[in-house]
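Student: A single structure is presented below for examination.
Numbering (our numbering), first residue to last: 1344 to 1582.
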C-alpha cells in the first residue's frame, strides 16, 4: 500500500511547505500529496486554499499576488519562516530524492485557464511525468490532463459519499484511480473499482482503526497527515 504524506507531514509541520515535505521524507515517506494554484503572474504555487487567510500571515486570494510576493509571505510559524513554495522548487527536490507525487489541481472553486498545460510542461521539464499522479475535484481538469498526456496517471477526486459505479466512470475516461473520502467508503465501492481495473487511494486516514479497515479491503493507497505512525503500523518505510 502506498502512503501519501498529505500536504507533507502536515500533522506536525505547516502544511504544503518544503519543511513538511522534507520532514515526511526524513520519516521514510517517499510519496507526497500537494495542491497547486496559479499566482497573479501565472506561476504554479503550492498551497491548499484559494485564500491565504487560513495557512499564512496574509489575506486575500492567492491569484491576487505575484510569485515574488507569495514567497515573502509566511506559511510557517513565527519561529520558522516558510515561504509558499513554487512548484519548480518542489520538482527540483522531488527529482533529487526520487519522490512520487500526487498533485491536486485546485480548479474546483476557481478555474485557472491553462493551468493543466503549465503543469504538464513543468513535469516534462524535470522528467517527472512517470513519478506523478494528477487528481482534482474538477474532473474536467483531470480529463484535460489525459487529453494532453495520455500516459500520465490520473485520479478522480470526490468528497462525501462519492460516486455510484465509480470504477466504470473512471474507466470510461481512461482514468487510473478513484480518490474517495475514507469516512464514507464501502467495500462494495472498492470491489467495483477493482473489477473495472481502477485503483483506489483513500483520504484522509489518520485513524488507525480506519487504516486497518482500508488494509483489509486492499485499497491501493492512503493519504495521511501522520505518515510515520501509519507506515509503522503497515510495516512499510518505502512508500
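Cβ coordinates follow ideal geometry from the N, Cα and C atoms, glycine included.
List the DSSP bridge partners of residue 1378.
Tutor: Answer by DSSP bridge pairing, in chain order: 1447.
Student: Going by the CB atoms, is the gap between residue 1567 and residue 1549 shorter than 9 angstroms?
Tutor: Yes, they are a contact pair.
Student: I'd like to check one pair, residue 1573 with residue 1562: are the Cβ atoms closer than 9 angstroms?
Tutor: No, the pair does not count as a contact, with Cβ atoms beyond the cut-off.
Student: Only counting the same chain, and skipping five residues up and downstream in sequence, which positions put a Cβ closer than 8 angstroms to that of residue 1398?
Tutor: Within the same chain, residue 1398 has close Cβ partners 1357, 1358, 1359, 1390, 1391, 1392, 1418.
Student: Taking just the CA atoms, how far does residue 1376 sit from residue 1351?
Tutor: If I take the Cα positions, the gap works out to 7 angstroms.
Student: With contact counted as at least three CB pairs below 8 angstroms, one residue from each stretch, are the segment 1476-1489 and the segment 1394-1410 in contact?
Tutor: Verdict: no, contact absent.
Student: So, is residue 1467 buried or exposed, given that buried needs 16 or more other C-beta atoms within 10 angstroms?
Tutor: The residue in question, residue 1467, is exposed, as its Cβ has fewer than 16 Cβ neighbours within 10 Å.
Student: As an exercise, report each continuous beta strand (DSSP E) stretch of at least 3 residues that is fully enclosed by the segment 1387-1453, in chain order.
Tutor: DSSP runs (the beta strand (DSSP E)) wholly in the segment 1387-1453: 1387-1389, 1443-1448.
Student: Whose C-beta lies closer than 8 angstroms to the C-beta of residue 1478 among residues of the same chain, with five residues either side of it excluded?
Tutor: Taken in chain order, the residues that qualify are 1445, 1446, 1447, 1448, 1485, 1497, 1498, 1499, 1500, 1520, 1522.
Student: From the DSSP secondary-structure annotation, give me the bridge partner or partners of residue 1500.
Tutor: In DSSP, residue 1500 forms a bridge with 1522.
Student: If you follow the alpha helix (DSSP H) that residue 1345 is in, where does it begin and where does it stop?
Tutor: Unbroken run through residue 1345 is the beta strand (DSSP E), 1345-1349; no alpha helix (DSSP H).
Student: Is residue 1361 helix, strand or coil by DSSP?
Tutor: Helix at residue 1361.
Student: Taking residue 1526 as the reference, give the member of 1503, 1512, 1532, 1517 with the closest Cα.
Tutor: Closest option to residue 1526, Cα to Cα, is 1503.
Student: Does the distance from the CB of residue 1509 to the CB of residue 1469 come in under 9 angstroms?
Tutor: No. Outside cutoff.
Student: From residue 1580 to residue 1473, what distance separates their C-alpha atoms?
Tutor: Because residue 1580 carries a pLDDT of 47, less than 50, the predicted location of this residue cannot be relied on, and no value is offered for it.
Student: Kindly list the residues whose CB is nearer than 7 angstroms to the CB of residue 1532, restricted to its own chain and excluding five residues on each side of it in sequence; keep chain order.
Tutor: Only 1505, 1509, 1523 meet the Cβ criterion.
Student: Nearest to residue 1363 by alpha carbon, out of 1412, 1433, 1546?
Tutor: For residue 1363, the nearest C-alpha among the options comes from 1433.
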